[in-house]
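Have a look at the structure below, then the notes.
Residue numbers (my numbering): 2 to 135.
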């Protein structure tokens, strides 16, 4: 289930499945002129094992909520001041309201692409798309 607005249209087909070690290209368009791309965050989740059992006998996810994993790579816009992040891997090219980049899948698991937009004062998710690297 998606819990974000739809402020971006992906202009290419992002595959549902790829192989670990491949690059996945993204090409998108921001749908509103008043918004700008701040960055793209790519969250990684490993292939899940079976859920652990709590004392009550119910199975649970240790995050205990709907959220992205703590494993995030930042993809920054070309020409923007580069910030010192150990998980900064690539750049995103922008032209007008369109953007292009490639996401590297360095290991097996689930990747969620989350473009972060700005309206001049607030940052928020523009869309999200998850795919699996096997």
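Just so it is clear, CB atoms sit at the ideal spot from N, CA and C, and this is done for glycine as well.
Look at the alpha carbon of residue i and the alpha carbon of residue j, and state the distance between them as a whole number of angstroms.
i	j	result
residue 121	residue 111	31 Å
residue 26	residue 11	11 Å
residue 125	residue 98	16 Å
residue 32	residue 100	12 Å
residue 13	residue 30	10 Å
residue 8	residue 92	21 Å
residue 128	residue 49	24 Å
residue 123	residue 75	18 Å
residue 102	residue 28	7 Å
Excluding sequence positions up to five away, which residues of its chain have a Cβ less than 6 Å from the Cβ of residue i?
i	result
residue 104	25, 43
residue 108	21
residue 23	106
residue 133	18, 111
residue 119	37, 39
Output yes or no for whether 7 Å exceeds the beta carbon distance between residue i and residue j.
i	j	result
residue 95	residue 38	yes
residue 114	residue 40	no
Which residues in the same chain have their Cβ closer than 8 Å to the Cβ of residue i, if we skip the five residues on either side of it in sequence?
i	result
residue 73	42, 43, 44, 45, 88
residue 34	98
Residues in the same chain with beta-carbon distance under 7 Å from residue i, minus the five sequence neighbours each way, listed in chain order, please.
i	result
residue 47	110
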